[in-house]
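In our numbering, the protein residues as written are 1 to 148.
Quick reminder that beta carbons are idealized off the backbone N, C-alpha and C, glycines included.
Structure first, then comments.
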Amino acid sequence: MKLSTKGRYGLKAMFQLSILYGDGPIPLKLIAEKQNIPDQYLEQLVAALRKEGYVKSVRGAQGGYMLALPPEKITVGDIIRTLEGPVAPSECVIDDDTSVCTRKDCCVTRVVWEKIRDSINNVVDSITLQDMLNDYNSLANKDDYNIF
Numbered sequence: 001m002k003l004s005t006k007g008r009y010g011l012k013a014m015f016q017l018s019i020l021y022g023d024g025p026i027p028l029k030l031i032a033e034k035q036n037i038p039d040q041y042l043e044q045l046v047a048a049l050r051k052e053g054y055v056k057s058v059r060g061a062q063g064g065y066m067l068a069l070p071p072e073k074i075t076v077g078d079i080i081r082t083l084e085g086p087v088a089p090s091e092c093v094i095d096d097d098t099s100v101c102t103r104k105d106c107c108v109t110r111v112v113w114e115k116i117r118d119s120i121n122n123v124v125d126s127i128t129l130q131d132m133l134n135d136y137n138s139l140a141n142k143d144d145y146n147i148f
């Protein structure tokens, strides 16, 4: 299973917003520049995140985007599912949709896919943007680590 650029770039953008949380609206161009994300692509990602209530926008000369919730209230899972859809290694275990598989009652591999799906969801739902900030601050204190 591999995330597309939607999920990877979206998480990077949300992380950038969490770094600047409380500083007011941040221009999209700055986020794109800091995270090396194409401006137009970032606009699409932020629109989806705004629609789900994770980002809010402010119009005008001093406008931009900011987190709609504190970093500790937004999980990696929230971001990934907003941009990528359900997290699952196989179609047959997306949202426990049992209608996809006619062999669901006797399929051993389905049990494996369910365990993988549940494990991934547990991990991404246990990591908040605040956790990422804490990790960033720990890494930033190391002399040989250079981020942003």
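Best match in the options for proximity to residue i [C-alpha to C-alpha]
i: VAL93; options: ASN121, PRO38, LEU83, LEU20; result: ASN121
i: ILE127; options: GLU114, THR75, LEU139; result: THR75
i: ARG117; options: TYR65, LEU129, PRO89; result: PRO89
i: ARG8; options: PRO27, LEU42, GLY22, SER18; result: LEU42
i: GLY10; options: ARG59, PRO25, ASN134, LEU67; result: LEU67
i: PRO71; options: LYS2, ALA140, TYR136, ILE19; result: ILE19
i: PRO27; options: LYS51, VAL55, SER4; result: VAL55
i: GLY60; options: LEU49, GLY24, GLU91, GLN16; result: GLY24
i: ARG81; options: VAL112, LYS115, LEU45; result: LEU45
i: LYS34; options: ASN141, LYS51, PHE15, SER4; result: PHE15
i: GLU114; options: ASP135, GLU91, ASP125, GLN130; result: GLU91
i: LYS2; options: ASP131, GLU84, CYS101, ARG110; result: GLU84
i: ASP125; options: ASN141, PRO86, TYR136; result: PRO86
i: ILE37; options: ASP131, LYS6, VAL108; result: LYS6
Exposed unless 16 or more other CB atoms sit within 10 angstroms - verdict on residue i
i: ARG103; result: exposed
i: ASP29; result: The question names Asp, yet the displayed sequence has Lys at residue 29. By the 10 Å Cβ count, LYS29 comes out exposed.
i: LEU49; result: buried
i: VAL58; result: exposed
Reduced DSSP secondary structure (H/G/I, E/B, other) of residue i
i: ILE26; result: strand
CB contact check: residue i to chain D, cutoff 8 Å
i: TYR41; result: Although the question refers to chain D, the structure presented lacks it and comprises just one protein chain.
query = Counting only runs that start and end within the segment 33–102, where is the beta strand (DSSP E) found for 3 or more residues in a row?
reply = Runs of the beta strand (DSSP E) lying entirely within the segment 33–102, each at least 3 residues long, are 55–58, 64–67 in chain order.
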